[in-house]
Each structure stands twice: as structure tokens, then as C-alpha cells.
Amino acid sequence: MLFRSHLSVKYSMPPWLVELWAEEYGLEITAKLLRELLAVHPVSLRFSTCLTKQERQEALERMKARGMRLSQSPFLPWIYLAEGAENLGNLPEFAQGLCTVQDVGSALAVEAARIREGDFVVDVCAAPGGKSILAGERAGGGRVLARDLTEEKRALVQENIRRMGALNIETEVFDGTCTDTGLLGKADVVLLDVPCSGLGVAGKKRDIKYRVKKQDLEELMALQRRILRASVGYVKPGGTLLYSTCTIHRGENQEMVRFLVRELGFEPLPLGEVLPEAVLARGRLLEEDLCRAGLASGQGLTEEEKSACLQLLPGYMEADGFFMARLRRKDC
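For the sequence shown, this note's numbering gives the first residue as 1, with consecutive numbering after it.
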């Protein structure tokens with residue numbers, strides 16, 4: 001208990017959060033996580049996948065010539081961590097739609113969905129639009145319907161769509177806790193990045209640790225279940241649901257996978273089939289450390305359910321804290 005109090009003071013983290021993570025991850029992993037959340041994080045830039053390698057390289061050389069320091073993500077070749085990119089609005093490559101701000105976890109979630117040419121994709125909680133735009137690039141001649149709760153959020157998505165030149169994305173204001181009966185059974189892929197505590201991005205958004213309270217977690221989990229109940233029906237039989245959050249809290253992550261499988265009729269799909277080996281290896285390293293601590297990230301899940309999940313954890317991956325799960329709607 002004294003060591004937990006020490007961690008709370010040393011890393012300026014509310015005691016209840018240290019307790020939560022110590023219970024879920026153990027003290028050693030929690031200390032590593034807290035150190036990483038205090039570190040300075042570069043901007044994550046995703047280059048358009050429509051660019052050729054040569055076009056991307058030419059853009060990188062121009063950016064480096066202006067003094068920007070860029071390092072390629074070990075997980076995806078078109079994502080770079082950028083230092084010296086504080087004024088992105090003045091960056092020509094950004095204004096021209098050659099790149100956008102998107103963390104590797106968010107991009108990996110879209111890659112995990114395995115969107116194919118011609119697919120119809122519904123992004124239920126789309127703002128600021130990074131997943132929708134990458135989904136549009138992957139769908140090619142298909143289309144993406146990007147929705148969010150307010151006109152302000154829709155406008156943000158639309159602004160990014162225009163800048164990136166995405167022509168196959170439609171935006172709408174829609175409450176994710178409501179069901180659009182006209183969409184039932186229509187989507188090849190549904191992206192569900194639901195509202196969450198955001199604890200995985202506490203290293204970049206330092207106020208989160210003060211804004212989120214322990215009592216908020218149950219309310220968020222209830223909201224997530226409402227959105228899932230309302231929206232999973234959009235997936236056509238045999239289609240894919242990609243559930244994700246930017247948090248590192250088991251209740252908002254693995255518990256929702258159990259809910260999807262055991263109450264909403266979905267079946268897990270192994271992420272090992274669709275993600276780069278580099279990120280899977282980091283996931284295995286985290287699992288090994290959890291095992292040594294006498295813990296398991298998939299407590300309460302079957303082996304099949306665990307295979308559908310991946311928790312990105314700062315300190316183990318060059319990424320924000322992020323969770324994803326890949327599931328399939330059973331054929332009728």
C-alpha cells in the first residue's frame with residue numbers, strides 16, 4: 001500500500017487510478033505505465049495510403065529539410081512519430097492532405113477490420129474522422145458513413161475529410177444510442193470506437209486524470225452497452241465489427257467483448273490473422289509480464305475471446321493506450 005501511495009505522489013496520479021491499474025496490471029507494469037504517461041510524446045502522423053512510397057518519401061524529405069525529426073512506426077510503415085511538428089496548420093503536407101494526425105492504435109484498428117475494396121463501412125462514433133478516412137482509403141470504390149452525436153463533431157469530421165480529399169465518405173449527425181432501422185444488416189464493417197474514460201491518452205491529455213472520477217466508469221460502461229445494443233445490428237450476417245477504445249480499463253474493454261459475444265450474438269475473430277507481427281510480439285511481451293505477476297489481461301474470457309483482443313499499453317508499444325477487438329456477426 002505504501003508503494004502504491006509512493007507511485008501516486010511520484011507520478012502525480014490520483015490514488016484511485018494507481019489502485020485500479022495495480023489491480024489489473026500489477027505494480028511493476030503500473031510503474032512502467034506511469035513513467036511512460038509522464039514522458040513527452042511526439043505527434044503521430046499518418047500518411048495517406050493512396051500515396052506511392054516515392055511520394056511519401058519525397059514528402060518526408062521536405063519535412064525533414066524544415067527541421068522536423070521523423071521516425072517510422074515499427075508497426076505500420078506509413079505512420080511516423082514527428083518532433084518539431086507543433087504548428088501543423090502551417091505544414092504544407094498537412095494542408096495538402098498528404099498526412100493527418102492519427103495514433104498507430106487507431107490506424108491498427110482499421111487495419112484489423114480488414115476492409116475490402118467496395119465495402120460499405122459504418123463508423124458510429126466517428127469524430128475526429130481518422131478511422132473513417134482510413135476506412136475510405138481501404139474501401140476504394142465502396143463507401144463510408146461517418147456519424148457522431150453533434151453538429152460540431154460532424155463538422156470536425158467533415159473538415160478532415162475535405163483536407164484529405166476523401167470522396168467516398170458521407171457524414172451525418174446521429175445519436176449512437178438510437179437504432180437506425182434503415183441500416184440494419186447493411187454494413188460489411190462497423191467501426192465502434194465508443195465514448196470511454198480516455199485513460200490511454202492521459203500522457204497527451206494531462207487533464208484526463210483529474211476529470212475522470214472512479215464513479216464515472218460505471219456510467220461509461222452503461223453508455224457503451226447502450227451504444228452496442230443500438231448499433232451492432234448494422235453489421236450484415238458474416239460481417240465484421242471492430243470494437244475499440246482509447247482506454248486501458250478492463251471494464252470498458254474485455255468486459256464489453258464478453259457482452260458482445262455472450263449477449264449480442266457475435267463470435268470472436270483472431271487478431272493474429274490481420275495485425276503485423278511486430279505489434280503482436282509486443283502484446284505477447286505484455287502477456288508474459290502479466291503472467292509473471294500472476295495476472296492475465298483476459299480474465300473472464302475464453303481463449304477464443306482473448307485471441308480477438310489486443311491491449312496496447314504505453315511502456316510496451318510506441319502508441320497511446322488503446323484497445324481493440326475483432327468480431328463477426330454470425331450467419332443467420
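For glycine and all other residues, C-beta sits at the position ideal for the given N, C-alpha and C.
Remember, it's a predicted structure, so these values are computed and weren't measured experimentally.
request  = Could you check how far apart the C-beta atoms of C134 and C99 are, in whole angstroms? I think they sit under 8 Å.
outcome  = To locate residue 134, count along the sequence shown from 1; it is residue 134. To locate residue 99, count along the sequence shown from 1; it is residue 99. Residue 134 is actually Leu in this sequence, not Cys. Contact flag wrong, Cβ pair sits at about 12 Å.
ask   = Does the Cβ of Y80 have 16 or more other Cβ atoms within 10 Å, making it buried, or fewer, making it exposed?
value = As a first step, residue 80 must be located in the sequence shown, where it is residue number 80. Flag for Y80 reads buried.
query = Helix or strand or just coil, what does DSSP make of E117?
reply = Residue 117 sits at position 117 when you count from the first residue of the sequence shown. Coil.
query = First and last residue of the beta strand (DSSP E) that includes P237?
reply = Counting from 1 along the sequence shown, the entry for residue 237 is found at position 237. Taken as a continuous stretch (DSSP letters only), the beta strand (DSSP E) holding P237 covers V235 to T245.
inquiry  = Rounded to the nearest angstrom, what separates A202 and P14 at their Cα positions?
reply    = The count along the sequence shown starts at 1 and reaches residue 202 at position 202. The count along the sequence shown starts at 1 and reaches residue 14 at position 14. Going from the Cα of A202 to the Cα of P14 covers about 12 Å.
key: CB contact below 8 Å: L220 versus chain B   = Of the chains in the structure shown, none is chain B; there is only one protein chain.
query = What's the gap between the Cα of M317 and the Cα of F47?
reply = Looking up residue 317 in the sequence shown gives position 317. Looking up residue 47 in the sequence shown gives position 47. Each residue's Cα considered, the two are about 20 Å apart.
ask   = Among residues of its own chain, excluding the 5 on either side of P195, which ones have a beta-carbon nearer than 8 Å to its beta-carbon?
value = As a first step, residue 195 is located in the sequence shown; it is residue number 195 there, counting from the start. These residues qualify, in order along the chain: C125, L220, L223, Q224 and I227.
key: Spatial neighbours of G298 in its chain, beta-carbon cut-off 8 Å, leaving aside the 5 residues before and after   = Along the sequence shown, one-based indexing puts residue 298 at 298. So the list reads Q254, E305, K306 and C309, once near-sequence residues are dropped.
C-beta contact flag for T30 and W21 at 8 Å = The residue you call residue 30 lines up with position 30 of the sequence shown. The residue you call residue 21 lines up with position 21 of the sequence shown. Contact flag set, yes.
message = Could you give the first and the last residue of the continuous alpha helix (DSSP H) run that contains L286?
response = In the sequence shown, residue 286 corresponds to position 286, counting from 1. Where L286 is concerned, the enclosing alpha helix (DSSP H) stretches over E277 to R292.
key: Cβ-based burial, E24 [other Cβ within 10 Å; buried from 16]   = For the purposes of this step, residue 24 is taken as the residue at position 24 of the sequence shown. Classification of E24: buried, given that the 10 Å Cβ count is 16 or more.
ask   = What is the DSSP secondary structure of S71, counted as helix, strand or coil?
value = Within the sequence shown, residue 71 is the residue found at index 71, counting from 1. In the structure shown, S71 sits in a strand (DSSP, three-state: E or B).
Whether L33 touches P314 by CB criterion (8 Å) = Reading the sequence shown from its first residue, position 33 is the one you call residue 33. Reading the sequence shown from its first residue, position 314 is the one you call residue 314. Yes, these two residues count as a Cβ contact at 8 Å.
key: Boundaries of the alpha helix (DSSP H) in which F259 is found, first to last residue   = On the sequence shown, residue 259 is found 259 positions in, with the first residue counted as 1. Per DSSP, F259 belongs to the alpha helix (DSSP H) from Q254 to R262.
message = Taking its Cβ as the centre, do 16 or more other Cβ atoms sit within 10 Å of H6, making it buried, or is it exposed?
response = The count along the sequence shown starts at 1 and reaches residue 6 at position 6. Classification for H6: exposed.
query = Roughly how many angstroms separate the alpha carbons of G272 and L280, rounded to a whole number?
reply = As a working mapping, residue 272 is identified with position 272 in the sequence shown. As a working mapping, residue 280 is identified with position 280 in the sequence shown. Using only the alpha carbons, I get a separation of about 7 Å.
key: Rounded straight-line distance, which links the Cα of L242 to that of V110   = For the purposes of this step, residue 110 is taken as residue 110 along the sequence shown, with counting starting at 1. For the purposes of this step, residue 242 is taken as residue 242 along the sequence shown, with counting starting at 1. The alpha-carbon atoms of V110 and L242 are separated by roughly 8 Å.
message = Taking DSSP's pairing of strands, which residues face V190 in a bridge?
response = For this step, residue 190 is matched to residue 190 along the sequence shown. DSSP lists V122 and L241 as partners of V190.
query = Does DSSP classify M317 as helix, strand or coil?
reply = Counting from 1 along the sequence shown, the entry for residue 317 is found at position 317. It is a strand residue.
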